[in-house]
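Keeping their order, the protein sequence lines are chains A and B.
Heads up, the first sequence is in our numbering, so the first residue is 1 and it goes up one at a time.
Heads up, the second sequence is in our numbering, so the first residue is 249 and it goes up one at a time.
Where is the CB? At the ideal position from N, CA and C, for every residue including glycine.
Protein chains: 2
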Amino acid sequence: MPSPIPPLDPTLTELPRATGLSAMLAGRLAASIRAGEFQPGDRLPTEKQLVERYAVSRAVVREAIARLKTDGFVETRQGAGAFVALKPGLANFRIAEPGLLDAADLAHVFELRGVVEVGMAELAAERRSAADLAALNAAFARMEQALQSDENGAAADDSFHAAVATAAHNPYLAQFAAFLAQHFSATRALTWQPAARRSGGTAAAQAEHRALLDAITRGDAQAAGAAARRHIAQAAGRYRAADCKPKG
Amino acid sequence: MPSPIPPLDPTLTELPRATGLSAMLAGRLAASIRAGEFQPGDRLPTEKQLVERYAVSRAVVREAIARLKTDGFVETRQGAGAFVALKPGLANFRIAEPGLLDAADLAHVFELRGVVEVGMAELAAERRSAADLAALNAAFARMEQALQSDENGAAADDSFHAAVATAAHNPYLAQFAAFLAQHFSATRALTWQPAARRSGGTAAAQAEHRALLDAITRGDAQAAGAAARRHIAQAAGRYRAADCKPKG
DNA sequence: TTGCGGGATTTGTCAGACAAGCTGACAAAT
DNA sequence: ATTTGTCAGCTTGTCTGACAAATCCCGCAA
Numbered sequence: 001m002p003s004p005i006p007p008l009d010p011t012l013t014e015l016p017r018a019t020g021l022s023a024m025l026a027g028r029l030a031a032s033i034r035a036g037e038f039q040p041g042d043r044l045p046t047e048k049q050l051v052e053r054y055a056v057s058r059a060v061v062r063e064a065i066a067r068l069k070t071d072g073f074v075e076t077r078q079g080a081g082a083f084v085a086l087k088p089g090l091a092n093f094r095i096a097e098p099g100l101l102d103a104a105d106l107a108h109v110f111e112l113r114g115v116v117e118v119g120m121a122e123l124a125a126e127r128r129s130a131a132d133l134a135a136l137n138a139a140f141a142r143m144e145q146a147l148q149s150d151e152n153g154a155a156a157d158d159s160f161h162a163a164v165a166t167a168a169h170n171p172y173l174a175q176f177a178a179f180l181a182q183h184f185s186a187t188r189a190l191t192w193q194p195a196a197r198r199s200g201g202t203a204a205a206q207a208e209h210r211a212l213l214d215a216i217t218r219g220d221a222q223a224a225g226a227a228a229r230r231h232i233a234q235a236a237g238r239y240r241a242a243d244c245k246p247k248g
Numbered sequence: 249m250p251s252p253i254p255p256l257d258p259t260l261t262e263l264p265r266a267t268g269l270s271a272m273l274a275g276r277l278a279a280s281i282r283a284g285e286f287q288p289g290d291r292l293p294t295e296k297q298l299v300e301r302y303a304v305s306r307a308v309v310r311e312a313i314a315r316l317k318t319d320g321f322v323e324t325r326q327g328a329g330a331f332v333a334l335k336p337g338l339a340n341f342r343i344a345e346p347g348l349l350d351a352a353d354l355a356h357v358f359e360l361r362g363v364v365e366v367g368m369a370e371l372a373a374e375r376r377s378a379a380d381l382a383a384l385n386a387a388f389a390r391m392e393q394a395l396q397s398d399e400n401g402a403a404a405d406d407s408f409h410a411a412v413a414t415a416a417h418n419p420y421l422a423q424f425a426a427f428l429a430q431h432f433s434a435t436r437a438l439t440w441q442p443a444a445r446r447s448g449g450t451a452a453a454q455a456e457h458r459a460l461l462d463a464i465t466r467g468d469a470q471a472a473g474a475a476a477r478r479h480i481a482q483a484a485g486r487y488r489a490a491d492c493k494p495k496g
């Protein structure tokens, strides 16, 4: 008889992982830049000054600076120094950790996701191949079965949205959608929780999935976009409802 | 197993823009991960092994690993080693340097930009304030003046698109649009070059700007989205035409 | 004023060392 | 036989010192 205790969920075991002095220093410097303490083009303190100021070794300082460099906040020139980038943070697009966003920011990110999903649905309707449709139908069928048998269809839900991304035939669009979706895994899990089953939320989401699938199958870009827009809006509504529930 | 990565020789450095040994090493390791030579969850070679294989110091190796860490490709655990992230490269969204994209990739990025710009235009039409409209009209007037007097209106063009982003009242959307637009500064400059003036391309772009401005002023989201879509499509067309021109 | 050293400064790289934390194996205890 | 304690070896994190390469700044000369 194996242990009656199920294995720990790896995603729940890594909370306090603010590893390292260099990460802390990088965070403080980035905060200083964001706060406007250093203007674009300004020179940062030298490594020696930072070593003395924060009482860490030069290795730590260099690692922190390197992190800011890859984040696009600073640029360094050998012999000259480290300078705040002209367009800080525009070298790559990054969003704060899922748990660190307040409600307003989350709404904005959700809206960005909606824009991308709508565009993706329209393109998917125009470009879907036979193989794309097969994948979409398979994922939909798995969600349908999960809905009937009270199983958790979150994985099938993910597969469905991934299939839409594939059908749009644009790897950058798909990668960005996956990047954004990452921040809303809790939302999708919510759709398949018992509370949502009882209130009809799960069935409503599935109806939205069906509308999207039908529009993509017909090749109706406008309808697909509208269906995606409705799906995202409803998901936002369900998320807000669940979020406010503890208050009464 | 033979080394899948050829040794690094600083004297044969291929890309002078990747300043530094650590950047080169980081690029090679990232390429290996993308190529699937290391699967998600796999352990990377230890720092000592990398030091011996590439004949660089441990500082270089550590800086390269640190870069991959902030890029979301690897995670390190003290005492255990460095591991390929479960979802490599999904910690942030990044696009290759403007000069390194081939035509197909560029088209995909352009399409992504179109999706975002359309959504942004729709939201701007719904949310624009009086101040937003004033900024839009000011930028449009500057473009109009540049068009009449044969000046370069690229800066005003940037201001106009930035004003649309502001009017959408979503900082994440605006930041992402700016991030993408970065890769197409050449396209916007193209619109205001003498060749475009003579062929009427500049005037056509201005007409598209006017349609977008009118729709946003009226608060007509659908028309604003359509105008933005047309503007991006035309810009793509102008860009392709200019790109193929040297061939004949 | 302009051009040109040349020393001082700063980042990039190297080397060695110790501390902190993990892994696996072996011995001891139940 | 299973569990627990211990330990040795390995790996990453941090510290220290040094040198090379690139840049900056200031004084000097034409």
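### Message
Less than 8 Å between CB atoms is the rule here; does residue 311 of chain B satisfy it with respect to chain A?
### Response
To locate residue 311 of chain B, count along the second sequence from 1; it is residue 63. Interface residue, yes.
### Message
On the criterion of 16 or more Cβ atoms from any shown chain inside 10 Å, does residue 429 of chain B qualify as buried, or is it exposed?
### Response
Taking the first residue of the second sequence as 1, we reach residue 429 of chain B at position 181. Per the 10 Å Cβ criterion, buried.
### Query
In or out: residue 22 of chain A buried (at least 16 other Cβ within 10 Å) or exposed?
Locating residue 22 of chain A in the first sequence gives position 22, counting from the first residue. Under this definition residue 22 of chain A is a buried residue.
### Query
Any residues in the stretch 311-339 of chain B with a beta carbon nearer than 7 Å to a beta carbon of chain A? Which ones, in chain order?
Those would be 311, 314, 315, 318, 319, 338, in chain order.
### Task
Compare the Cα-Cα distances from residue 127 of chain A to each of A:25, A:215, A:34, A:32 and report the closest residue.
On the first sequence, residue 127 of chain A is found 127 positions in, with the first residue counted as 1. Cα-wise, what sits closest to residue 127 of chain A is A:215.
### Task
Pair every Cβ in the stretch 337-344 of chain B with every Cβ in the stretch 303-323 of chain B, then say whether three or more of these pairs are closer than 8 Å.
Short answer: they touch.
### Query
Cβ of residue 176 of chain A less than 8 Å from any chain B Cβ?
As a working note, residue 176 of chain A is residue 176 in the first sequence. Interface residue, yes.
### Query
Would you report the Cα separation of residue 441 of chain B and residue 45 of chain A, rounded to the nearest angstrom?
In the second sequence, counting from the first residue as 1, residue 441 of chain B sits at position 193. In the first sequence, counting from the first residue as 1, residue 45 of chain A sits at position 45. Using only the alpha carbons, I get a separation of about 42 Å.
#### Entry: Chain-ordered neighbours of residue 37 of chain A on chain B, where CB pairs are closer than 9 Å
For the purposes of this step, residue 37 of chain A is taken as the residue at position 37 of the first sequence. What residue 37 of chain A touches in chain B: nothing, since even the nearest Cβ is about 20 Å away.
### Host beta strand (DSSP E) of residue 36 of chain A (start-end)
The sequence position of residue 36 of chain A within the first sequence is 36, counting from 1. No beta strand (DSSP E) holds residue 36 of chain A; DSSP gives it neither H nor E.
### Query
Under a Cβ-count criterion, where at least 16 other Cβ atoms within 10 Å of its own Cβ denotes burial, should residue 117 of chain A be classed as buried or exposed?
Numbered from its first residue, the first sequence carries residue 117 of chain A at position 117. By the 10 Å Cβ count, residue 117 of chain A comes out buried.
### Task
Please name the residue in A:202, A:218, A:232, A:104 whose C-alpha comes closest to that of residue 156 of chain A.
Here the question's residue 156 of chain A lines up with position 156 in the first sequence. Ranking A:202, A:218, A:232, A:104 by Cα distance to residue 156 of chain A puts A:202 first.
### Message
Suppose contacts are defined by Cβ-Cβ distances below 8 Å. Is residue 146 of chain A in contact with residue 225 of chain A by that definition?
### Response
Counting from 1 along the first sequence, the entry for residue 146 of chain A is found at position 146. Counting from 1 along the first sequence, the entry for residue 225 of chain A is found at position 225. No, the Cβ-Cβ distance between residue 146 of chain A and residue 225 of chain A is not below 8 Å.
### Under 7 Å by beta carbon: chain A residues contacting residue 430 of chain B
On the second sequence, position 182 is the one that residue 430 of chain B refers to. Ordered by position in chain A, the residues that pass the 7 Å Cβ test against residue 430 of chain B are 90.
#### Entry: 7 Å Cβ shell around residue 125 of chain A - same chain, five flanking residues per side excluded
Walking along the first sequence from the start, residue 125 of chain A turns up at place 125. Residues 215, 216, 219, 220, 221, 224 of the same chain have their beta carbon placed closer than 7 Å to that of residue 125 of chain A, with the five preceding and five following residues left out of the count.
### Task
Starting from residue 201 of chain A, trace the alpha helix (DSSP H) both ways and give me its first and last residue.
Residue mapping note: residue 201 of chain A aligns to position 201 of the first sequence, counting from 1. Residue 201 of chain A -> alpha helix (DSSP H) spans 201-218.
### Query
Could you give the residue range of the beta strand (DSSP E) that holds residue 84 of chain A?
Numbered from its first residue, the first sequence carries residue 84 of chain A at position 84. Its beta strand (DSSP E) spans residues 81-84.
### Task
Note down, in chain order, every chain B residue with its Cβ under 7 Å from the Cβ of residue 109 of chain A.
In the first sequence, residue 109 of chain A corresponds to position 109, counting from 1. The CB of residue 109 of chain A comes closer than 7 Å to the CB of 420 in chain B, given here in chain order.
### Query
Can the beta-carbon of residue 165 of chain A be found less than 8 Å from the beta-carbon of residue 177 of chain A?
Position 165 of the first sequence, counted from the first residue, corresponds to residue 165 of chain A. Position 177 of the first sequence, counted from the first residue, corresponds to residue 177 of chain A. The answer is yes: Cβ separation under 8 Å.
### Task
Identify whether residue 478 of chain B lies in helix, strand or coil by the three-state DSSP scheme.
Sequence index remark: in the second sequence, residue 478 of chain B carries index 230 (1-based). Under the three-state reduction of DSSP output, residue 478 of chain B falls in the helix class.
### Query
Smallest Cα separation from residue 438 of chain B: which of B:371, B:311, B:411, B:483?
The residue labelled residue 438 of chain B in the question sits at position 190 within the second sequence. Out of B:371, B:311, B:411, B:483, the CA that lies nearest to the CA of residue 438 of chain B is found in B:483.
### Task
Check the C-beta distance from residue 64 of chain A over to residue 123 of chain A and give it rounded, since I have them as a contact under 8 Å.
Sequence index remark: in the first sequence, residue 64 of chain A carries index 64 (1-based). Sequence index remark: in the first sequence, residue 123 of chain A carries index 123 (1-based). About 41 Å; that fails the 8 Å criterion.
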